[in-house]
Amino acid sequence: MSKELIRLSDCTMAFDQNVVLHNINLSINDQEFLTLLGPSGCGKTTMLRIIGGFQQPTSGDVYFDGVRINDVPPYKRTINTVFQKYALFTHLNVFENVAFGLKLQRPNGKKIDKEEINERVMEMLRVVSLKGFEKRSVSTLSGGQQQRVAIARALVNRPKVLLLDEPLGALDMRLRKDMQNELKRIQQMTGITFVYVTHDQEEALAMSDTVVVIEAGIIQQIGTPQHIYDEPQNAFVADFIGESNIVDGIMLSDNVVEIFGRKFQCIDSGFETNEPVDVVIRPEDIEIVPVENGMLTGTVINITFRGVLYDIIVDFAGYKWLIQTTALSPVGTRLGMRIQPEGIHIMKKSQFSGMFGDYSSYSVEYDEIGDAEHEVEIDPDAEDV
Amino acid sequence: MKAKYFAYPYVLWMAVFVVAPIFLVVYYAFITRDGTFTLANFSAMGRYTSVFARSFWLSAIATVICIIIGYPISYILAKENVRVQRIMIMLIMLPMWMNFLLRTYAWMSILENTGLLNRFLRFIGLPALRIINTQTAVIIGMVYNFVPFMILPIYSVIVKIDRSVIEAAQDLGASNSKVLTKLVIPLSLPGVLSGITMVFVPGVSTFVISQLLGGGKEMLLGDLIELQFLGAAYNPHLGSSISLVMMIIVVVFMYIMNRFGEGEESVML
Numbered sequence: 573m574s575k576e577l578i579r580l581s582d583c584t585m586a587f588d589q590n591v592v593l594h595n596i597n598l599s600i601n602d603q604e605f606l607t608l609l610g611p612s613g614c615g616k617t618t619m620l621r622i623i624g625g626f627q628q629p630t631s632g633d634v635y636f637d638g639v640r641i642n643d644v645p646p647y648k649r650t651i652n653t654v655f656q657k658y659a660l661f662t663h664l665n666v667f668e669n670v671a672f673g674l675k676l677q678r679p680n681g682k683k684i685d686k687e688e689i690n691e692r693v694m695e696m697l698r699v700v701s702l703k704g705f706e707k708r709s710v711s712t713l714s715g716g717q718q719q720r721v722a723i724a725r726a727l728v729n730r731p732k733v734l735l736l737d738e739p740l741g742a743l744d745m746r747l748r749k750d751m752q753n754e755l756k757r758i759q760q761m762t763g764i765t766f767v768y769v770t771h772d773q774e775e776a777l778a779m780s781d782t783v784v785v786i787e788a789g790i791i792q793q794i795g796t797p798q799h800i801y802d803e804p805q806n807a808f809v810a811d812f813i814g815e816s817n818i819v820d821g822i823m824l825s826d827n828v829v830e831i832f833g834r835k836f837q838c839i840d841s842g843f844e845t846n847e848p849v850d851v852v853i854r855p856e857d858i859e860i861v862p863v864e865n866g867m868l869t870g871t872v873i874n875i876t877f878r879g880v881l882y883d884i885i886v887d888f889a890g891y892k893w894l895i896q897t898t899a900l901s902p903v904g905t906r907l908g909m910r911i912q913p914e915g916i917h918i919m920k921k922s923q924f925s926g927m928f929g930d931y932s933s934y935s936v937e938y939d940e941i942g943d944a945e946h947e948v949e950i951d952p953d954a955e956d957v
Numbered sequence: 049m050k051a052k053y054f055a056y057p058y059v060l061w062m063a064v065f066v067v068a069p070i071f072l073v074v075y076y077a078f079i080t081r082d083g084t085f086t087l088a089n090f091s092a093m094g095r096y097t098s099v100f101a102r103s104f105w106l107s108a109i110a111t112v113i114c115i116i117i118g119y120p121i122s123y124i125l126a127k128e129n130v131r132v133q134r135i136m137i138m139l140i141m142l143p144m145w146m147n148f149l150l151r152t153y154a155w156m157s158i159l160e161n162t163g164l165l166n167r168f169l170r171f172i173g174l175p176a177l178r179i180i181n182t183q184t185a186v187i188i189g190m191v192y193n194f195v196p197f198m199i200l201p202i203y204s205v206i207v208k209i210d211r212s213v214i215e216a217a218q219d220l221g222a223s224n225s226k227v228l229t230k231l232v233i234p235l236s237l238p239g240v241l242s243g244i245t246m247v248f249v250p251g252v253s254t255f256v257i258s259q260l261l262g263g264g265k266e267m268l269l270g271d272l273i274e275l276q277f278l279g280a281a282y283n284p285h286l287g288s289s290i291s292l293v294m295m296i297i298v299v300v301f302m303y304i305m306n307r308f309g310e311g312e313e314s315v316m317l
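Going down the list, the protein sequences come from chains A and B.
Going by our numbering, the letters in the first sequence line up with residues 573 to 957, in that order.
Going by our numbering, the letters in the second sequence line up with residues 49 to 317, in that order.
So this is what it looks like as structure tokens:
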């Protein structure tokens, strides 16, 4: 267990009457890769800006290495940021961009000498695979290369913590995957704590040691990617992370839940007798069996080929289930399904219950459509320079 | 492709009122009164070297003062909120909607020996200043008239600097003063360059200001040229050759500026 580096304690953030963060408590460990995950406007970027020092929480405290840093301006924090839109200095070349921070540093009250700056910049350009680009103007670089310059520019200062605000948002799919691996590699190599903001759940699961799921300014769940996926805290997390079937159930007793009038074995306990609950069943946990062996039976109504798998939609008792399977069952086929006790996850009812309807997966596109006005709303300083 | 027909009136306008006069100037500059080719007009200009020097010198001083006044105003303005910015820009532009002569006459009555300024100085017990009919008065007049042309281009460049770029600099350890010197000033240089062009060029050829505020004693290029066409010294051939030389100097100057500016620009984009 490594030691705690950053702690947000009861942080609340409000712009005018608009509260965007409610009593956030979060602890970030040294050398951790922690991801703040949530839809746009959930408050994740605001959390990052509070850690970076660009915004001060309306109430609550921020601690760095045990010291309260609420009033420490960004340039005095040993934290560096990779900005969403790169924010490179267009009047400087690649080398000068990366060297910018080093030239400003005064360890022991003296400038860092030229030799060392040169060495460290070249070393960092090698780390981000941009050797030979040092004389290039940043405006001639591709999006991915600009992103690497932004990362090198931040890392060359050897910060304790690197904050990354949706750094891969503007890149295309392939490049994103490459850069995900690259970032993970850099993080492991340097041992620097990464705090990563994204709305892409796949990205979060693939890269993080710890995922923090945020919605409506409240932390919904904190855990390892595995834990968040397997044991979602509530319907929002279940829906946002991966694809899921979320149905109403009643907890009859420990380890027994009733769904659509049938009893299912599960491995969850600790609920009240007859307590209404949300039940999550992942599409890959549903086993297709002949009708006579099925716990539920239904008709295939839609099939989508996904490469390795088929997504099939089956109507069981009026609820449309999403099942992922390698075996093709044509539309109209009647089939049965079985679910192992480990495939059933019971969640307490929450404000998110019933919000997601039949088989649901969070739509990034929808998120982006609904995005524009929200961003403006949470950024009251947008007018200023 | 139809759209290009809309440009024809403009092309015609340019041909008649811009290109043709330039040819006329060139033509007149190289002939005598009887219409034979000569270079005498240029050799006659030697007498006016001091006028050339004075014009460029005063215009340069006015330009420098415009930068000193205009840059901080632009910088502060760009940091204000949008509403304040809009009002301030209006106020800066407002005097330009008034007649140029009127504004210059107003400065006469301010700077006169018994004008507003000296009456005020006397009121608070200070000795009067002799400003009217000096080079100082001419410079004041130029700065007053041209400073908006310095403020607007600088302001429009600074206001476009992305907030996140400034935050990035702060994040990398730049204090507020470092943000200004390492980031805002270099990034706004193109605005300063176009401001310099827009102040310096009209400054060189100004003539009303020097006549009204300088008392006509310190002749500038504009006055000299006017004298050749409209004044007692009537000699359009000499006037044309002076105009031509001035034009060439200005074009060379602008070319050098733009080369310098392009270097910046290519890094900018």
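Glycine included, every Cβ here is placed at the ideal spot set by N, Cα and C.
For the pair Gly173 of chain B and Leu261 of chain B, the CB atoms are not nearer than the 8 Å cut-off.
If you ignore the 5 residues before and after Thr162 of chain B, its C-beta comes within less than 8 Å of no other C-beta in its own chain. For Arg649 of chain A, the three-state secondary structure derived from DSSP is coil.
Residues Pro201, Ile202 and Val205 of the same chain have their beta carbon placed closer than 6 Å to that of Gly239 of chain B, with the five preceding and five following residues left out of the count. Phe836 of chain A is a Cβ neighbour of Ile916 of chain A, given a cutoff of 8 Å. One thing to note: Gly118 of chain B has its Cβ no nearer than 8 Å to the Cβ of Val66 of chain B. Looking at the DSSP output, Trp893 of chain A sits in a beta bridge with A:Val886. The Cβ atoms of Asp883 of chain A and Ile873 of chain A do not sit closer than 8 Å to each other.
Of the candidates A:Thr653, A:Val851, A:Asn642 and A:Lys657, the residue whose Cα lies closest to the Cα of Gln717 of chain A is A:Lys657. Pairing Asn595 of chain A with Val654 of chain A, the inter-Cα distance amounts to about 26 Å. In terms of Cα proximity to Met696 of chain A, the closest of A:Tyr647, A:Tyr635, A:Asn669 and A:Glu738 is A:Asn669. Between the region 903-910 of chain A and the region 856-867 of chain A there are three or more C-beta pairs closer than 8 Å, enough to call the two in contact.
Within the region 201-232 of chain B, Ile206, Val207, Ile209, Asp210, Arg211, Ser212, Val213, Ile214, Glu215, Ala216, Ala217, Gln218, Asp219, Leu220, Gly221, Ala222, Ser223, Lys226, Lys230 and Leu231 place their CB atoms closer than 8 Å to a CB of chain A, listed in sequence order. Under the three-state reduction of DSSP, His285 of chain B is assigned to helix. Runs of beta strand (DSSP E) with 3 or more residues, each lying fully within the region 595-644 of chain A, are found at 605-609 and 631-636, listed in chain order. Distances from the CA of Asp857 of chain A to each of A:Leu713, A:Ile794 and A:Thr898 were compared; the closest alpha carbon is that of A:Thr898. Rounded to whole angstroms, the gap between the alpha carbons of Val247 of chain B and Gln677 of chain A is 39 Å. With 16 or more other Cβ atoms from the protein chains shown falling within 10 Å of its own Cβ, Val849 of chain A counts as buried. Proximity of chain B to Thr653 of chain A at the Cβ level (cut-off 8 Å) is accounted for by Glu215, Ala216 and Asp219, in chain order.
The way I'd put it, the region 794-802 of chain A does touch the region 776-785 of chain A; three or more beta-carbon pairs between them come closer than 8 Å. In terms of CA proximity to Tyr303 of chain B, B:Ile244 leads the group B:Ser289, B:Ile244 and B:Ser258. The continuous beta strand (DSSP E) containing Leu868 of chain A extends over residues Leu868 to Phe877. Listed in chain order, the non-local C-beta contacts of Ile723 of chain A below 6 Å within the same chain comprise Val654 and Val700, local neighbours out to five positions each way being set aside. When only Cα atoms are considered, Lys648 of chain A and Gly221 of chain B end up about 6 Å apart. If you look at Val783 of chain A, you'll find it in the beta strand (DSSP E) that goes Thr782 to Glu787. Using a Cβ-Cβ distance cut-off of 8 Å, the region 580-598 of chain A and the region 612-620 of chain A are in contact, since at least three pairs of beta carbons, one from each stretch, lie closer than that value. It is roughly 16 Å from the alpha-carbon of Val783 of chain A to the alpha-carbon of Leu580 of chain A. In this structure, the beta-carbon distance from Gln183 of chain B to Leu106 of chain B falls below 8 Å. At a C-beta separation below 8 Å, Lys657 of chain A has these neighbours in chain B: Asp210 and Ser212. Leaving aside the five residues that flank Gly610 of chain A on each side, the residues in its chain whose CB is nearer than 7 Å to its CB run, in chain order, Lys616, His771, Val785, Ile786 and Glu787. Secondary-structure assignment with DSSP links Pro848 of chain A through a beta bridge to A:Ile822. In the DSSP annotation of this structure, the continuous segment of the alpha helix (DSSP H) that includes Val195 of chain B starts and ends at Gln183 to Ile206.
Using a CB distance cut-off of 8 Å, Pro739 of chain A does not count as an interface residue toward chain B. Per the DSSP secondary-structure output, Val733 of chain A pairs in a beta bridge with A:Ile651 and A:Thr765.
Counted as a single uninterrupted DSSP element, the beta strand (DSSP E) harbouring Phe587 of chain A occupies residues Glu576 to Phe587. In the structure shown, Ser709 of chain A falls within a strand segment according to DSSP collapsed to helix, strand and coil.
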